[in-house]
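Residue numbers (the numbering used here): 444 to 631.
Backbone N, C-alpha and C fix where the C-beta goes; we use that ideal spot for every residue, glycine too.
This report refers to the structure that appears directly beneath it.
Okay, here's the thing in structure tokens:
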């Protein structure tokens, strides 16, 4: 990084093109934060990229040529710390309905072009300061679906969410939450 002090004028910097395919970009530095970028390979072979620019508006992009080109298909993702799961032709987005908010799920029946409203699975009032996490993936094992998240209560903890694969994932009673594993400084 470089710091420049000047009383006027302009500075032009030639930035080389990155050695990758750009899915999207923001020209509004510091007014838009891109969070939780993730790429998912769907059962039809297409790629779905998701990211939240804010909790009020997150984006989904699709590529049908293995990531060479991308099309923005939705601006209806309303979560942070979210990840996508595909089940029976539907997509499910599970994360927080607000930064350090309630754990919630959204559903798409059209490969990510449109999304339902958030359904709260675990309300943030059940913890001290809401939930958190990253775009950690889902894991399927022994007929259940698992996803690790976090709880900001009492010095941060890790939790594991779980639902039966044959249950209605939008029904809060389908989900269970493990006991909380609290951070211990002695682990370092």
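- Query: Going by the beta-carbon positions, is the gap between residue 539 and residue 493 smaller than 8 Å?
  - Reply: As a first step, residue 539 is located in the chain shown; it is residue number 96 there, counting from the start. As a first step, residue 493 is located in the chain shown; it is residue number 50 there, counting from the start. Against a cut-off of 8 Å, the Cβ pair of residue 493 and residue 539 comes out as no contact.
- Kindly give me the distance between the Cβ atoms of residue 590 and residue 579, rounded to whole angstroms, as I take these residues to be in contact under 8 Å. Sequence index remark: in the chain shown, residue 590 carries index 147 (1-based). Sequence index remark: in the chain shown, residue 579 carries index 136 (1-based). The Cβ separation is near 7 Å, so the contact holds.
- Message: Taking the alpha carbon of residue 550 as the reference point, which residue from 527, 514 and 468 has its own alpha carbon closest?
- Response: Residue 550 sits at position 107 when you count from the first residue of the chain shown. Considering only alpha carbons, the answer is 527.
- Hey, quick one: how far does the beta strand (DSSP E) through residue 565 stretch, first residue to last? Within the chain shown, residue 565 is the residue found at index 122, counting from 1. Residues 562-565.
- Message: Considering only the alpha carbon of each residue, which of 545, 563 and 556 lies closest to residue 533?
- Response: If you number the chain shown from 1, residue 533 lands on position 90. Closest option to residue 533, Cα to Cα, is 556.
- Task: Would you mind stating whether residue 478 and residue 506 have Cβ atoms separated by less than 8 Å?
- Result: Translated into the one-based positions of the chain shown, residue 478 becomes position 35. Translated into the one-based positions of the chain shown, residue 506 becomes position 63. No, the Cβ-Cβ distance between residue 478 and residue 506 is not below 8 Å.
- Query: At which residues does the beta strand (DSSP E) containing residue 594 begin and terminate?
  - Reply: Here residue 594 refers to the residue found at position 151 of the chain shown. Start and end: 587-594.
- Beta-carbon contacts of residue 582 that lie in its chain and below 8 Å, excluding the five residues immediately before and after: The sequence position of residue 582 within the chain shown is 139, counting from 1. Result list for residue 582: 588, 589 and 590, in chain order.
- Message: In the DSSP output, what is residue 502 paired with across the bridge?
- Response: The residue given as residue 502 occupies position 59 in the chain shown. Note: residue 502 sits in a beta bridge opposite 494.
- Task: Give me whichever residues DSSP pairs with residue 529 in a beta bridge.
- Result: What you label residue 529 is simply residue 86 of the chain shown in a count that begins at 1. In DSSP, residue 529 forms a bridge with 534.
- What distance in whole Å lies between the Cβ atoms of residue 604 and residue 592, which are believed to be in contact at a cut-off of 8 Å? Within the chain shown, residue 592 is the residue found at index 149, counting from 1. Within the chain shown, residue 604 is the residue found at index 161, counting from 1. Yes, they are in contact, since the Cβ atoms of residue 592 and residue 604 sit about 6 Å apart, within 8 Å.
- Message: Quick check: what's the CA-CA separation for residue 542 versus residue 574?
- Response: As a working mapping, residue 542 is identified with position 99 in the chain shown. As a working mapping, residue 574 is identified with position 131 in the chain shown. Cα-Cα distance, rounded: 8 Å.
- Task: May I ask you to report which of helix, strand or coil DSSP gives residue 613?
- Result: Stepping through the chain shown from its first residue, residue 613 is reached at position 170. The answer is coil: DSSP assigns residue 613 none of H, G, I, E or B.
- Task: Just the C-alpha distance for residue 601 and residue 623, rounded to the nearest angstrom, thanks.
- Result: As a first step, residue 601 must be located in the chain shown, where it is residue number 158. As a first step, residue 623 must be located in the chain shown, where it is residue number 180. Whole-angstrom Cα-Cα distance: 6 Å.
- Do you know offhand how far residue 530's Cα is from residue 457's? If you number the chain shown from 1, residue 530 lands on position 87. If you number the chain shown from 1, residue 457 lands on position 14. C-alpha separation (whole angstroms): 45 Å.
- Task: Look at the alpha carbon of residue 576 and the alpha carbon of residue 504, and state the distance between them as a whole number of angstroms.
- Result: Position 133 of the chain shown, counted from the first residue, corresponds to residue 576. Position 61 of the chain shown, counted from the first residue, corresponds to residue 504. So the two alpha carbons sit approximately 22 Å from each other.
- Query: Residues in its own chain within less than 6 Å of residue 444 by CB, not counting five upstream and five downstream?
  - Reply: Counting from 1 along the chain shown, the entry for residue 444 is found at position 1. With a pLDDT of 44 at residue 444, under the threshold of 50, the modelled position of that residue is not reliable, and no figure is offered here.
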